[in-house]
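Chemist:
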Amino acid sequence: MGLASLEEKEDTTPMWRNPHQCLAGPCAQQGMLFAGATLRLSAAPAIEVKGLVYEGLHYLVLHELGHTLGLNHNFRSSQFHDLASIHKREITEKVGLTGSVMDYPPANVAPQGIPQGQYYTTKPGPYDHWAIEYGYAEGLEDPAKEAQRLAKLAARSHEHELGFANDADDMRRSGKGIDPRAMIFDMSSDEVTYGTQRCEIVKQKLAELLAKQPEKGASWQSLTQAYVTLTTEAANSLTAISRYVGGVYVERAFVGQAPDAKPFTPVEKAKQRQALEALAKYAFAPDAWQLPADLASHLQQQRRGFDFDREDEDPRLHERVLKLHRALLDHLTHTDLQRRIVDSALYGNEVPLGEVMGTLTKAIFEGDAAATGPNTLRQNLQSEYLDRLLKIVNSSVYQPAAQGVAFGQIEQIRGLIAGPAFTNPQGHAHAAFLAYKIRRGLDEGK
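When the letters of the sequence shown are read in order and numbered with the numbering used here, they come out as residues 941 to 1386.
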């Protein structure tokens, strides 16, 4: 599937909005494509590729079998192990790579310099055993003793390895959910670091793509598909990282069950700032999505029959990058997240909305070369971000506290677009357009 048709499918497919549809298959497909691309680019032996396929299919069968037994999705189970343990087969093969087979995990590709562990879990995890025991173990004949047995099992629900969050809890869609641990495409109890490592893997593999991917005598389709797969993986990781900004950990232990656990705990200050730094570097920086011209000029779809009857062959790189930026901004500027950041300051959040938005403004508007100004990918991003700020200021849906922060960022942008990066011909025209948007958006005249 080519770039343009992929974008069209992603825009129109309702699969992410159907809470009753299992998407383990499509998610596993992306993971296996990503892992397969990294193995090919590393010239891995055939037995390693075979192992990937075996583990991926094994996980998928376990997942769907779990549904036949009545198991919900469990999108918190990928938090089971720490960052080091997920790459140690001697641990994960015994107890599972994830706490449950009912998650939508990424293919667990190890960073450079770390031995490869399991790509996917191949056995039921602690949560699965616990839930099945509760639902299917033969009951005791004495009703009182049976009630005690079930109560004892249920009392374990707060234990780390039994962490649970289903489709009603997850944060895959902007404005949905509040606990970043309830997420798809994440892995380990330190997803921000894990996701950052994924972005580095993608960066390394994109640099090798043109030299190693094409096969003599074949079309450029495999190169194009590899580019789509790699950049999709980076986007998935950045989406998972973004959920830690303004996130709130949720615990549902009953009174007296876990005395040290609070129902709501804002994500730690250091973790939120680490997430913002990762987004600044891998999503919004001037070179975050910039491709070498030689690679961009080879992203060609294979022509079959009348494939281009309804769309042309242009890879539409700007549209793809803008789509990735919009997906992140949809979350970071969503009214629910903005409200939650303000609200959670009353019960422990130490990263105020002004800091969050100030970090975004700096990442999006600073760092461009004075000689050339922002490239066209960045111009799209800057314009899109400014539109979001103006919407916040002009919409009564947002709290006044959020509107004030957005207004302050607009005033900050006024000063930034008067800087050196916006004085060259390309940058000057762009700055003039942004200034025009501000005047119109703030009713300052034409």
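A virtual CB, placed ideally from N, CA and C, is assigned to each residue, including glycine.
Quick check on the DSSP output: the alpha helix (DSSP H) that includes TYR1074 runs from which residue to which?
Modeler: Run containing TYR1074: 1066 to 1076, per the alpha helix (DSSP H) assignment.
Chemist: With ARG1016 and PHE1104 assumed to form a contact (beta carbons below 8 angstroms), what rounded beta-carbon distance in angstroms separates them?
Modeler: Indeed they touch by this definition, with Cβ atoms about 6 angstroms apart.
Chemist: So, for GLY965: in the same chain, excluding its five sequence neighbours on each side, which residues have a beta-carbon less than 7 angstroms away from its beta-carbon?
Modeler: Taken in chain order, the residues that qualify are LEU1000.
Chemist: So who's on the other strand from THR1205, going by DSSP bridges?
Modeler: BP columns for THR1205 point to TYR1189.
Chemist: I believe HIS1271 touches SER1335 by the beta-carbon criterion, under 8 angstroms. Please report the beta-carbon distance rounded to the nearest angstrom.
Modeler: At roughly 17 angstroms, the Cβ-Cβ gap does not stay under 8 angstroms, so HIS1271 and SER1335 are not in contact.
Chemist: How many angstroms separate the CA atom of ARG1113 from the CA atom of LEU1093?
Modeler: Cα-Cα distance, rounded: 33 angstroms.
Chemist: Residue range of the alpha helix (DSSP H) that PHE974 falls in?
Modeler: Per DSSP, PHE974 belongs to the alpha helix (DSSP H) from 964 to 981.
Chemist: Taking only the alpha-carbon atoms, compute the straight-line gap between ILE1141 and HIS998 and give it to the nearest angstrom.
Modeler: C-alpha separation (whole angstroms): 25 angstroms.
Chemist: Output the distance between the C-alpha atoms of LYS1209 and VAL1291, rounded to the nearest integer angstrom.
Modeler: Going by the C-alpha atoms only, they are around 6 angstroms apart.
Chemist: Indicate the three-state DSSP secondary structure (helix, strand or coil) for ALA1210 in the structure shown.
Modeler: Correct three-state label for ALA1210: helix.
Chemist: Give me, in chain order, the residues of the same chain whose beta-carbon lies closer than 6 angstroms to that of LEU992; leave out the 5 immediate sequence neighbours on both sides.
Modeler: Contacts found: ALA975, TYR1059.
Chemist: Have a look at GLU1173 and SER1025 and give me their C-alpha separation to the nearest angstrom.
Modeler: If you take the alpha carbons of GLU1173 and SER1025, they lie about 22 angstroms apart.
Chemist: Taking all protein chains shown into account, decide if LEU1326 is buried (16 or more other Cβ within 10 angstroms of its Cβ) or exposed.
Modeler: With 16 or more Cβ atoms within 10 Å of its Cβ, LEU1326 is classed as buried.
Chemist: So what does DSSP say about SER1017, is it helix, strand or coil?
Modeler: In the structure shown, SER1017 sits in a helix (DSSP, three-state: H, G or I).
Chemist: Using the Cβ count rule (16 or more neighbours within 10 Å means buried), how would you classify ARG1318?
Modeler: Result: buried.
Chemist: Please classify LEU1264 as buried or exposed, where buried requires at least 16 neighbouring CB atoms within 10 angstroms.
Modeler: Buried.
Chemist: Just to confirm my understanding: we take SER1159, look at its own chain, exclude 5 residues before and 5 after, and list those with CB closer than 6 angstroms. What are they?
Modeler: So the list reads GLN1242, once near-sequence residues are dropped.
Chemist: Could you give the DSSP three-state label for PRO1365: helix, strand or coil?
Modeler: In the structure shown, PRO1365 sits in a helix (DSSP, three-state: H, G or I).
Chemist: Nearest CA to the CA of ALA1047: which residue from GLY1057, GLY1053, SER1040, GLY1196?
Modeler: Nearest of GLY1057, GLY1053, SER1040, GLY1196 to ALA1047, Cα basis: GLY1057.
Chemist: Is DSSP giving GLY1381 helix, strand or coil here?
Modeler: Residue state, collapsed to three classes: helix.
Chemist: Considering only residues of the same chain and omitting the five flanking positions on each side of ASP1383, which have a CB-CB separation below 6 angstroms?
Modeler: Same-chain partners within the cutoff: there are none.
Chemist: Output yes or no for whether 8 angstroms exceeds the beta carbon distance between TYR1222 and CYS1139.
Modeler: Cβ distance < 8 angstroms, so TYR1222 and CYS1139 count as in contact.
Chemist: When DSSP labels each residue in this structure, what does GLY1348 get in the three-state scheme?
Modeler: Correct three-state label for GLY1348: helix.
Chemist: Given a threshold of 16 other Cβ atoms within 10 Å of its Cβ, counted over all protein chains shown, does LEU1374 qualify as buried or as exposed?
Modeler: Classification for LEU1374: buried.
Chemist: For GLN1343, which residues from the same chain have a beta carbon less than 7 angstroms from its beta carbon, with the 5 sequence-adjacent residues on both sides left out?
Modeler: Taken in chain order, the residues that qualify are ILE1332, VAL1333.
Chemist: Would you identify the three-state DSSP class for HIS1370, choosing helix, strand or coil?
Modeler: If DSSP states are grouped into helix, strand and coil, HIS1370 belongs with the helices.
Chemist: Where LEU1300 and PRO1255 are concerned, what is the direct C-alpha to C-alpha distance, given to the nearest angstrom?
Modeler: About 28 angstroms.
Chemist: In the region 1127 to 1183, which residue ranges form an unbroken alpha helix (DSSP H) of at least 4 residues, counting only runs that do not cross its ends?
Modeler: Counting only runs of 4 or more, we get 1131 to 1152, 1161 to 1182.
Chemist: Are SER1040 and ASP1068 closer than 8 angstroms when you measure CB to CB?
Modeler: Cβ atoms of SER1040 and ASP1068: closer than 8 angstroms.
Chemist: Quick one: measure Cβ to Cβ for GLU1387 and LEU1262, integer angstroms, because I've assumed they're closer than 8 angstroms.
Modeler: Look at the range of the chain in this structure, 941 to 1386, and you will see that residue 1387 is not part of it.
Chemist: Answer with buried or exposed for LYS1085, where buried requires no fewer than 16 other C-beta atoms within 10 angstroms of its C-beta.
Modeler: By the neighbour-count rule (16 or more Cβ atoms within 10 Å), LYS1085 is not buried but exposed.
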